[in-house]
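See structure below.
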Amino acid sequence: MAVSDPSVQLTAFRQRYPHTRFVDVLLADLCGIPRGKRVTIDELPGMYHGSFLLPGSMFALDVLGGTIQETGLGFDEGDADRRCLPIDGTLVPVPWREGEGIAQVQVSMVDHDGSPFYGDPRHVLADVLRRFSALGLTPVVAIELEFYLLDTERTVDGRAQPPRLPQTGRREYLTQINSMADLNEYSAVLAEISAACEAQQIPSGTALAEYGPGQFEVNLNHSSDALLACDQAIRFKRLVRGVAARHGMEATFMPKPYMDHAGSGAHIHVSMLDRDGRNIFASDDPTGSAQLKHAIGGLAATMADAMLIFAPTANSYRRYRSESYVPLNPSWAVNNRGVALRIPASTPENRRIEHRVAGADANPYLLTAAVLAGIHHGLQRELDPGAPVAGNAYRDAVTTLPITWPEAALKFESSNVMRDYLGEKFHRLFVTTRRGELQAFESHVSPLEYAWYARTC
Numbered sequence: 001m002a003v004s005d006p007s008v009q010l011t012a013f014r015q016r017y018p019h020t021r022f023v024d025v026l027l028a029d030l031c032g033i034p035r036g037k038r039v040t041i042d043e044l045p046g047m048y049h050g051s052f053l054l055p056g057s058m059f060a061l062d063v064l065g066g067t068i069q070e071t072g073l074g075f076d077e078g079d080a081d082r083r084c085l086p087i088d089g090t091l092v093p094v095p096w097r098e099g100e101g102i103a104q105v106q107v108s109m110v111d112h113d114g115s116p117f118y119g120d121p122r123h124v125l126a127d128v129l130r131r132f133s134a135l136g137l138t139p140v141v142a143i144e145l146e147f148y149l150l151d152t153e154r155t156v157d158g159r160a161q162p163p164r165l166p167q168t169g170r171r172e173y174l175t176q177i178n179s180m181a182d183l184n185e186y187s188a189v190l191a192e193i194s195a196a197c198e199a200q201q202i203p204s205g206t207a208l209a210e211y212g213p214g215q216f217e218v219n220l221n222h223s224s225d226a227l228l229a230c231d232q233a234i235r236f237k238r239l240v241r242g243v244a245a246r247h248g249m250e251a252t253f254m255p256k257p258y259m260d261h262a263g264s265g266a267h268i269h270v271s272m273l274d275r276d277g278r279n280i281f282a283s284d285d286p287t288g289s290a291q292l293k294h295a296i297g298g299l300a301a302t303m304a305d306a307m308l309i310f311a312p313t314a315n316s317y318r319r320y321r322s323e324s325y326v327p328l329n330p331s332w333a334v335n336n337r338g339v340a341l342r343i344p345a346s347t348p349e350n351r352r353i354e355h356r357v358a359g360a361d362a363n364p365y366l367l368t369a370a371v372l373a374g375i376h377h378g379l380q381r382e383l384d385p386g387a388p389v390a391g392n393a394y395r396d397a398v399t400t401l402p403i404t405w406p407e408a409a410l411k412f413e414s415s416n417v418m419r420d421y422l423g424e425k426f427h428r429l430f431v432t433t434r435r436g437e438l439q440a441f442e443s444h445v446s447p448l449e450y451a452w453y454a455r456t457c
């Protein structure tokens with residue numbers, strides 16, 4: 001999306017950051033990985049007029065950067081370039097590379113005729129948002145992201161391990177939810193993450209120590225601009241990795257780096273404003289308004305179909321375990337963290353839905369698009385969510401979500417709802433890339449297979 005007056009933005013940026021020499025130009029791929037090029041600051045003005053090109057195959061990549069040729073975006077079209085235009089408001093400094101004169105800007109891709117390129121997840125979300133605009137509705141979203149800080153060195157058998165605590169030098173292997181001691185131990189890196197968020201215009205709350213050793217959660221502030229919220233989430237994940245590296249650590253949004261500790265999720269909170277700015281989910285009833293219940297009904301009805309978006313990688317599915325605060329079915333309740341769709345305790349005017357299904361590896365644009373698609377589906381059809389869960393959401397619960405990668409791919413591929421909301425071409429592209437990565441993953445023989453089967457079979 002081109003900005004209204006890029007020259008003003010560029011002039012203001014160069015005046016504020018006169019030592020900037022380079023700009024990292026970032027395009028988020030299907031996996032949510034920022035890819036692109038580093039250009040000089042003097043090249044930036046031309047980018048706003050379409051001088052910056054990247055191949056359409058950027059949206060045919062697996063997580064390792066290999067092109068999935070079955071998408072048709074590789075050799076079949078000559079790996080053709082397309083124009084990428086800067087996203088308004090995303091030109092920001094890179095504070096963790098202080099002294100190197102580096103800034104960054106995010107871009108989105110347009111097709112050869114200037115129309116939005118179907119493979120760009122940001123455009124997919126924009127299309128879903130247009131459906132709400134037609135109803136006079138504006139989604140308000142907030143994204144919570146969990147992550148682990150890891151040692152840069154692996155164990156002797158190649159596993160991840162917690163970093164040595166900055167103040168004591170020991171490793172912490174215990175679970176300490178809301179630990180103030182952990183916040184104190186990691187105060188330097190967390191403070192720098194907070195400062196970097198401010199420098200990169202990412203409104204965020206304070207950090208929370210989560211269940212795992214070296215695991216934290218940061219809540220990004222709610223926004224009535226869902227595209228902006230997702231732009232910020234992409235920046236945030238890159239920022240956390242960059243700051244962690246400065247402190248000699250590795251940050252990961254991998255959903256399950258340790259099987260014996262909590263996984264990392266991406267929770268999204270959604271409320272809905274009408275033309276007058278009133279939240280249509282508001283109600284004195286703790287379970288929310290009729291519209292909120294219809295939205296939950298739609299989310300429940302589409303949840304299994306969208307699982308490939310919520311859990312896009314092999315590691316994603318290791319999170320889905322009973323009594324792990326990760327849902328196994330499309331349950332809902334008030335103020336209950338065991339369900340998929342939680343209505344947090346709040347004042348009546350702040351009623352909202354917390355969607356708790358996705359892993360931290362989910363692409364923020366696609367996660368938000370899928371969640372909003374479910375809400376729109378429910379509102380339009382006035383779907384009934386059924387009765388809320390009371391008490392332990394895992395007691396007597398039946399697993400109805402596809403919690404293996406092949407199952408999720410099959411469910412997504414056959415979903416007419418996902419095809420409708422995401423667009424037929426994108427729907428086909430996404431499932432093709434996920435299947436390609438799945439096949440590549442399954443083509444490797446792991447050390448565990450040798451240990452189990454080499455002598456026993």
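Residue numbers 1 to 457, in the UniProt record's numbering, belong to the letters of the sequence shown in order. Ideal Cβ positions, reconstructed from N, Cα and C, are used throughout, including at glycine. Predicted model, so just to flag it, every value in this text is computed and none were measured.
Check: Is P327 near the ligand ZN, going by C-beta to nearest heavy atom under 6 Å?; Outcome: Inclusion of the ligand ZN in the displayed structure is not the case, the ligand content being empty and no account of it being possible.
Check: Kindly indicate which residue of E43, Y118, Y325 and Y450 has the alpha-carbon position closest to the one of M58.; Outcome: Y118
Check: Give the DSSP-derived three-state secondary structure of residue 460 in the structure shown.; Outcome: Since the first residue of the chain shown is 1 and the last is 457, residue 460 is not available in this structure.
Check: Excluding sequence positions up to five away, which residues of its chain have a Cβ less than 6 Å from the Cβ of K425?; Outcome: Y118
Check: Specify, as a first and last residue, the run of the alpha helix (DSSP H) that C230 falls within.; Outcome: A226 to R246
Check: According to DSSP, what are the bridge partners of A103?; Outcome: V23 and P93
Check: Going by C-alpha distance, which of A60, L227, A409 and F13 is nearest L44?; Outcome: F13
Check: Opposite L150 in the DSSP bridges: which residues?; Outcome: E250
Check: Between V326 and G263, which are expected to be in contact by the criterion C-beta below 8 Å, what is the C-beta distance as a whole number of angstroms?; Outcome: 6 Å
Check: If I measure Cβ to Cβ from A2 and keep anything under 6 Å in the same chain, skipping five residues before and after, which residues do I get?; Outcome: Reliability fails at A2, whose pLDDT of 44 lies under 50, so the model's placement of it is uncertain and no value is given.
Check: Can you list, in chain order, the residues of its chain whose CB lies under 6 Å from that of F310, leaving out five sequence neighbours each side?; Outcome: V357, A358 and A362
Check: Comparing alpha-carbon positions, which option in A195, D225 and R21 lies nearest S133?; Outcome: D225
Check: Helix, strand or coil for residue 458 per DSSP?; Outcome: Only positions 1 to 457 of the chain appear in the structure, and residue 458 is not among them; the question remains open.
Check: Under 7 Å, do V39 and V23 count as touching if we go by C-beta distance?; Outcome: yes
Check: For N335, is the classification buried or exposed, using 16 other Cβ atoms within 10 angstroms of its Cβ as the cut-off for buried?; Outcome: exposed
Check: Quick check: M418 and D305, are their CB atoms within less than 7 Å of each other?; Outcome: yes
Check: Tell me the DSSP bridge mates of C31?; Outcome: DSSP, once it has assigned bridges, lists no residue as partnering C31.
Check: Is the beta carbon of A408 less than 7 Å from the beta carbon of M307?; Outcome: yes
Check: Taking 7 Å as the cut-off, decide whether the C-beta atoms of G66 and R82 are in contact.; Outcome: no
Check: Using a Cβ-Cβ cut-off of 8 Å (strictly less than) and excluding sequence neighbours within five positions of A103, which residues of its own chain qualify?; Outcome: F13, Y17, T20, F22, V23, D24, I41, L91, V92, P93 and V94
Check: Considering only their Cβ atoms, is the gap separating G298 from G169 smaller than 7 Å?; Outcome: no
Check: Would you call the segment 218-232 in contact with the segment 136-149, where contact means no fewer than 3 C-beta pairs closer than 8 Å?; Outcome: yes
Check: Taking the beta strand (DSSP E) that L220 belongs to, which residues open and close that run?; Outcome: Q215 to L220
Check: Beta-carbon within less than 8 Å of R164's beta-carbon, same chain only, minus the 5 sequence neighbours each way: which residues are those?; Outcome: D151, R170 and R171
Check: Tell me the DSSP secondary structure of I353 in three-state form.; Outcome: strand
Check: Going by C-alpha distance, which of M272, V339, R321 and R319 is nearest A387?; Outcome: V339
Check: Within its chain, find whatever has a CB closer than 8 Å to the CB of Y450; leave out the 5 residues flanking it on each side and keep chain order.; Outcome: none
Check: Pull up the CB-CB distance for G212 and Y148, whole angstroms please, since I reckon it's below 8 Å.; Outcome: 6 Å
Check: What's the C-alpha gap between T404 and L190?; Outcome: 34 Å
Check: Taking the straight line between their C-alpha atoms, what separation do you get for H269 and G136?; Outcome: 20 Å
Check: Label P402 either buried or exposed according to how many other C-beta atoms from any shown protein chain fall within 10 Å of its C-beta, with 16 as the threshold for buried.; Outcome: buried
Check: In the DSSP assignment, the beta strand (DSSP E) including C84 goes from what residue to what residue?; Outcome: D81 to P86
Check: Among S283, N416 and L328, which residue has its Cα nearest to the Cα of R352?; Outcome: S283
Check: Take R131 as the anchor and find which of P255, E437 and A369 has the nearest alpha-carbon.; Outcome: A369
Check: How about N329 and A397: do their beta carbons lie closer than 7 Å?; Outcome: yes
Check: In chain order, what residues of the same chain lie with their CB nearer than 6 Å to the CB of R246, ignoring the 5 residues before and after it?; Outcome: W96
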